[in-house]
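Heads up: the structure comes next, in structure tokens.
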Amino acid sequence: QVQLMESGGGSVQAGGSLRLSCAASGVPRDYCMGWFRLAALREGVATITPDGTTNYAESVKGRFTISKDNAKNTLYLHMNNLKPGDTGMYYCAAKYSCSDPRYDYWGQGTQVTVSS
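Residues 323 to 438 (my numbering) are what the sequence shown spells out, left to right.
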């Protein structure tokens with residue numbers, strides 16, 4: 323059974339950093355994973371394939387880094403130079419088919435609030 327649990331959210335001032343973690347139990351290593359955020363709309367933030375290929379939303383390129391530790395079954399999102407526009411609920415997600423736009427599993431989310 324796949325379970326995803328995010329942690330690491332919080333409140334920071336603009337320019338600050340946070341690291342989000344997603345404990346991913348039961349997720350096979352050949353799954354694609356990603357981070358999404360929900361503010362006014364749901365936005366894909368970053369994705370990572372089983373071979374480590376990453377993609378980022380234009381709004382976070384150069385500031386956010388997605389990574390995974392297979393030994394710890396944990397997905398990370400390192401967020402630097404945070405901006406108020408990064409505020410939102412952040413979710414990690416996993417899917418079997420990287421070519422399918424839909425994700426099969428979602429966590430409960432962790433809140434990130436960036437103040438100016």
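Ideal Cβ placement from N, Cα and C applies to all residues, glycine included.
By alpha-carbon positions, which one of T371, S329, Q325, V324 ends up nearest to M411?
Mapped onto the sequence shown, residue 411 falls at position 89. M411 has its Cα closest to that of S329, out of T371, S329, Q325, V324.
Could you tell me the distance, in whole angstroms, from the CA atom of C420 to the CA atom of R351?
-> Counting from 1 along the sequence shown, the entry for residue 420 is found at position 98. Counting from 1 along the sequence shown, the entry for residue 351 is found at position 29. Each residue's Cα considered, the two are about 12 Å apart.
Check your understanding: Does DSSP classify D391 as helix, strand or coil?
Key -> Reading the sequence shown from its first residue, position 69 is the one you call residue 391. Reduced to three states, the DSSP call for D391 is strand.
>> Below 8 Å on the Cβ atoms is my contact criterion, and I expect V334 with V436 to pass it. Report the Cβ-Cβ distance as a whole number of Å.
In response: Here residue 334 refers to the residue found at position 12 when the sequence shown is read from its first residue. Here residue 436 refers to the residue found at position 114 when the sequence shown is read from its first residue. Right, the Cβ-Cβ distance comes to about 6 Å (below 8 Å), so this counts as a contact.
If you draw a straight line from the alpha carbon of Q323 to that of N395, how long is it in whole angstroms?
-> Residue mapping note: residue 323 aligns to position 1 of the sequence shown, counting from 1. Residue mapping note: residue 395 aligns to position 73 of the sequence shown, counting from 1. About 14 Å.
By DSSP, does G407 sit in helix, in strand, or in coil? Along the sequence shown, read from residue 1 onward, the residue named residue 407 stands at position 85. Reduced to three states, the DSSP call for G407 is helix.
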